[in-house]
Structure formats: structure tokens, C-alpha cells
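Participant:
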Amino acid sequence: MLTYSLDKKGAIPLYEQLYRAIKKDITIGILKAGEKLLSKRYLAKRLGISIVTVETSYQQLKAEGYIYSQAKKGFFVSEINPHHPPVEKI
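For the sequence shown, position 21 (counting from the first letter as 1) is numbered 21 according to full-length UniProt numbering, and the numbering increases by one without interruption.
(1) Output the boundary residues of the alpha helix (DSSP H) element that contains Tyr15.
(2) Following the continuous beta strand (DSSP E) through Ser69, name the residue where it begins and the one where it ends.
(3) Suppose the cutoff is 6 angstroms on Cβ atoms and the five residues either side in sequence are ignored; what does the same chain contact list for Thr56 look like?
(4) Is it buried or exposed, Val77, if we count other Cβ atoms within 10 angstroms and call 16 or more buried?
(5) Using only alpha-carbon positions, find the residue among Thr27, Lys45, Lys36 and Arg20 that is nearest to Ala71.
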């Protein structure tokens, strides 16, 4: 089970910290294509953060092509083409 350590008192917003951690796990292959991500509610509870924070992170990852969603099923890791990686939208 993946664990993410977030600095709740740090200068970097929590959603950004979570986004970076998940993105790293995807790009280095810890999270594999097609793998289901933890539910927003479960991850928020586990990390002691709001669901909105997780939602913001997931939406950023989705906008950049790292993950995709399926209605009533959740979020999944996208197939990443090493020759055409997703584009970061800041």
C-alpha cells in the first residue's frame, strides 16, 4: 500500500505535494498503467486532508494525462508513452 508524507505546515500547498508524489510514482513506475488509484475519500481520510485537496490533485493529474477516470469506478493510471510524456500544465 502506498503512503504519502505531506508537510501540512510547509510552503507548498497540500494538493501540489500530493500531485507531485503521485506523478513521481507514475513516472518511475511504482504505479502502473491501468492500476486503480485509491478513492478520494479513502486517501483523504488516510492522509488527514480534505477530499477537495485530493480531488484537486487528481484533476491536475487527469488534465495532464497521467490518470483517467471511469464513471462510478474511480481513477486509473494512464498508459504513458515515454516518447511523448504528458505535458505539465502549471
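Quick reminder that beta carbons are idealized off the backbone N, C-alpha and C, glycines included.
Facilitator: Reading off the structure:
(1) On the sequence shown, position 15 is the one that residue 15 refers to. Its alpha helix (DSSP H) spans residues Leu14 to Thr27.
(2) Looking up residue 69 in the sequence shown gives position 69. Ser69 -> beta strand (DSSP E) spans Ile67 to Gln70.
(3) Taking the first residue of the sequence shown as 1, we reach residue 56 at position 56. Closer than 6 angstroms at Cβ, skipping near neighbours: Tyr15.
(4) Here residue 77 corresponds to residue number 77 of the sequence shown, with the count starting at 1. Classification of Val77: buried, given that the 10 Å Cβ count is 16 or more.
(5) Here residue 71 corresponds to residue number 71 of the sequence shown, with the count starting at 1. For Ala71, the nearest C-alpha among the options comes from Lys36.
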